[in-house]
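Residue numbers (this note's numbering), protein chains in the order written: chain A, 19 to 294; chain B, 61 to 363. Reading through the structure tokens given below for one structure.
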């Protein structure tokens, strides 16, 4: 549709594409390295495109590392966190949005004030607490402190506030209880939000490094982000294996992103305070 | 309404209003209880405990007795604390503004694209969804002193991560690579919200792209710019993983940051009391800086 040659535009586009390619290079390099032989990884000048593809590193990592165990730990804890966060936050947000009760505003402002306190400041007493409960290096210990996600309540409350009042009034007149109203009216009309926040919560839980790093003390309880930090020392200069671990650790979230791209983007916009 | 058993029951307004209110309170109680209890146990209690611990000499397993302001006095005289604070500040300078404005620059380039927009955005955003330890594994390999591919592009003898001058900027670069996609996303959304008619009117008036940017884009996306700057500031003040996994705080403590120092005190020296004091100071630094910056930016925006 260009009447004239848009040279500056074409240059701009080419530059943008080149920059995007540069941005992807580290990921390309990780995958390429993982498909090389160990000798090829050390080659100078470097082997840019390994051929034929060598899967030795993958075989080794699958059979000789705790990777599968780490996957399991990540899945268990991430699913638990996602389910529990939604189960705790949605009812609370609904009550804050639709019901009148004493202390309602105080409660909401207290939750908002919690934003000001970073999780990192609480790690010492949280660890001591888990220690006293005997939950160091357990799933419970990994999951519990990650349940306090105030932003989820704030977002749900915002959206529940926007549901037309008539729907609720009609249901109340019909004698429906609050829980039923929540389940059959408020959740279905906000299903997209539920999905977006569920996915973002899951990914955040999966990617969380700091807390699982502190609370797990043995390799077999580590989640993926924590476990893979061990391979650098374990594999030394076996870089194909190291990169294989990196690729396999990244794979679940990358696949999730490609499948759920829109929801993830929506979830991130919501949790940043911008309406999507 | 058709005759049905329900409509023959007493209508709600006939029941005493007080009865209805009790029901509402009881329902609310059940709904808020789970989260509120978790909140009290896993947030309020630990927050109070941090304050309390900072005035004791407790160890990681508990115990300890009150020591007044000793921990704070120690902190003020602790050169390592000040070093870690300095390093954190340096890191913030290297990342907050550059990351934000790189995100904006990329957004301005990306919004020009049509069919290529989605894949290009995905390319910049992909690093953001990776766990931090994948990012550090990959970059540690690229920057490896002996075999990393970065050697092909650098002429120096010493690998960046082993050089006290370049270690922190390198970590900053990796952090920007990792997180700029988030800023890009927000800025693209903000730019897309500006009606194209504004730009059309501007070009009819003969405005150049730069003038259009300064007069239209910049002011209209200012709330998002302020938001991104604030979010960046808060995130980067809390940095731990990239530093710990890439340099461990070295070389020669040139990269140790506040959170890592606190971690070492608590989990390597098992000194809960002192760690809690550091945590309190860290919290105050984050609070003051982020509220300060936010106020400053809001006032600028009101101009």
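No residue lacks a Cβ here, since even glycine has one placed at the ideal position from N, Cα and C. For clarity, every value in this text was computed on a predicted model and none was experimentally measured.
Option nearest residue i by Cα separation, candidates the options
i: residue 296(A); options: 76(B), 226(B), 172(B); result: Coverage of chain A is limited to positions 19 through 294, which leaves residue 296(A) absent and any answer about it impossible.
i: residue 60(A); options: 255(A), 282(A), 288(A); result: 255(A)
i: residue 326(B); options: 253(A), 144(A), 205(A), 246(A); result: 144(A)
i: residue 214(A); options: 202(A), 100(A), 252(A); result: 100(A)
i: residue 278(A); options: 216(A), 231(A), 250(A), 261(A); result: 216(A)
i: residue 91(A); options: 250(A), 287(A), 238(A), 271(A); result: 238(A)
i: residue 181(A); options: 118(A), 67(A), 162(A), 203(A); result: 203(A)
i: residue 81(B); options: 86(A), 102(A), 66(A), 116(A); result: 116(A)
i: residue 283(B); options: 76(B), 357(B), 180(B), 218(B); result: 357(B)
i: residue 39(A); options: 183(B), 156(B), 92(B), 143(B); result: 183(B)
i: residue 176(B); options: 162(A), 174(A), 271(A), 33(A); result: 33(A)
i: residue 312(B); options: 350(B), 86(B), 225(B), 252(B); result: 225(B)
i: residue 203(B); options: 350(B), 214(B), 353(B); result: 214(B)
i: residue 101(B); options: 66(A), 164(A), 281(A); result: 164(A)
i: residue 112(B); options: 190(A), 140(A), 89(A), 44(A); result: 140(A)
i: residue 166(B); options: 249(A), 228(A), 209(A), 41(A); result: 41(A)
i: residue 291(B); options: 353(B), 256(B), 310(B); result: 353(B)
i: residue 237(B); options: 45(A), 249(A), 58(A); result: 45(A)
i: residue 251(B); options: 278(B), 200(B), 153(B); result: 278(B)
i: residue 83(B); options: 290(A), 193(A), 205(A); result: 193(A)
i: residue 229(A); options: 31(A), 148(A), 122(A); result: 148(A)
Opening and closing residue of the alpha helix (DSSP H) in which residue i lies
i: residue 99(A); result: 85-116
i: residue 152(B); result: 139-170
i: residue 269(B); result: 269-272
i: residue 243(B); result: 227-252
i: residue 78(B); result: 77-99
i: residue 281(B); result: 278-297
i: residue 175(A); result: 168-179
i: residue 82(A); result: 74-82
i: residue 119(A); result: Run containing residue 119(A): none; DSSP gives neither H nor E here.
i: residue 131(B); result: 130-136
i: residue 22(B); result: Here chain B covers residues 61 to 363 and nothing more, so residue 22(B) does not appear.
i: residue 149(A); result: 141-150
i: residue 212(B); result: Unbroken run through residue 212(B): none, as it is neither H nor E.
i: residue 61(A); result: No alpha helix (DSSP H) contains residue 61(A), which DSSP labels as neither H nor E.
i: residue 251(A); result: 249-253
i: residue 159(A); result: 157-161
i: residue 261(A); result: 257-277
i: residue 113(B); result: 105-113
i: residue 46(A); result: 25-52
i: residue 121(B); result: Residue 121(B) -> no alpha helix (DSSP H), and no H or E assigned at all.
i: residue 320(B); result: 318-327
i: residue 204(A); result: Careful: residue 204(A) lies outside any alpha helix (DSSP H) and carries neither H nor E.
i: residue 299(A); result: The requested residue 299(A) does not occur in the structure, where chain A is confined to residues 19 to 294.
i: residue 205(B); result: Run containing residue 205(B): none; DSSP gives neither H nor E here.
i: residue 191(A); result: 183-191
i: residue 71(A); result: Here residue 71(A) belongs to no alpha helix (DSSP H), and DSSP marks it neither H nor E.
CB of residue i within 7 Å of CB of residue j, strictly
i: residue 285(A); j: residue 218(A); result: yes
i: residue 319(B); j: residue 300(B); result: yes
i: residue 84(A); j: residue 198(B); result: no
i: residue 128(B); j: residue 243(B); result: no
i: residue 136(B); j: residue 339(B); result: no
i: residue 355(B); j: residue 147(B); result: no
i: residue 169(A); j: residue 103(B); result: no
i: residue 191(B); j: residue 243(A); result: yes
i: residue 275(A); j: residue 200(A); result: no
i: residue 221(B); j: residue 119(B); result: no
i: residue 160(B); j: residue 289(B); result: yes
i: residue 94(B); j: residue 106(A); result: yes
i: residue 110(A); j: residue 171(A); result: yes
i: residue 155(A); j: residue 283(A); result: no
i: residue 56(A); j: residue 222(A); result: no
i: residue 98(A); j: residue 142(A); result: no
i: residue 53(A); j: residue 71(A); result: yes
Nearest-angstrom beta carbon gap, residue j and residue i [assumed within contact, 8 Å]
i: residue 131(B); j: residue 323(B); result: Not a contact, Cβ separation roughly 16 Å.
i: residue 298(B); j: residue 120(A); result: In fact, because the Cβ distance is near 36 Å, the residues do not count as touching under 8 Å.
i: residue 146(A); j: residue 295(B); result: Not quite, the Cβ-Cβ distance comes to about 26 Å (not below 8 Å), so this is no contact.
i: residue 79(A); j: residue 269(A); result: Incorrect: roughly 12 Å between the Cβ atoms, too far for contact.
i: residue 262(B); j: residue 275(B); result: 7 Å
i: residue 125(B); j: residue 317(B); result: The pair is not a contact, with the Cβ atoms about 31 Å apart (cut-off 8 Å).
i: residue 209(B); j: residue 47(A); result: 6 Å
i: residue 75(A); j: residue 262(A); result: 4 Å
i: residue 256(B); j: residue 302(B); result: Contact flag wrong, Cβ pair sits at about 39 Å.
* To do: For the stretch 240-257 of chain A, enumerate the residues whose C-beta is nearer than 8 Å to any C-beta of chain E, in chain order.
  => Protein chains in the displayed structure are A and B, and chain E is not among them.
* To do: Counting only runs of 4+ residues fully inside the stretch 216-246 of chain A, write out the alpha helix (DSSP H) ranges in chain order.
  => Counting only runs of 4+ residues, the alpha helix (DSSP H) found wholly inside the stretch 216-246 of chain A occupies 228-233, 242-245, in chain order.
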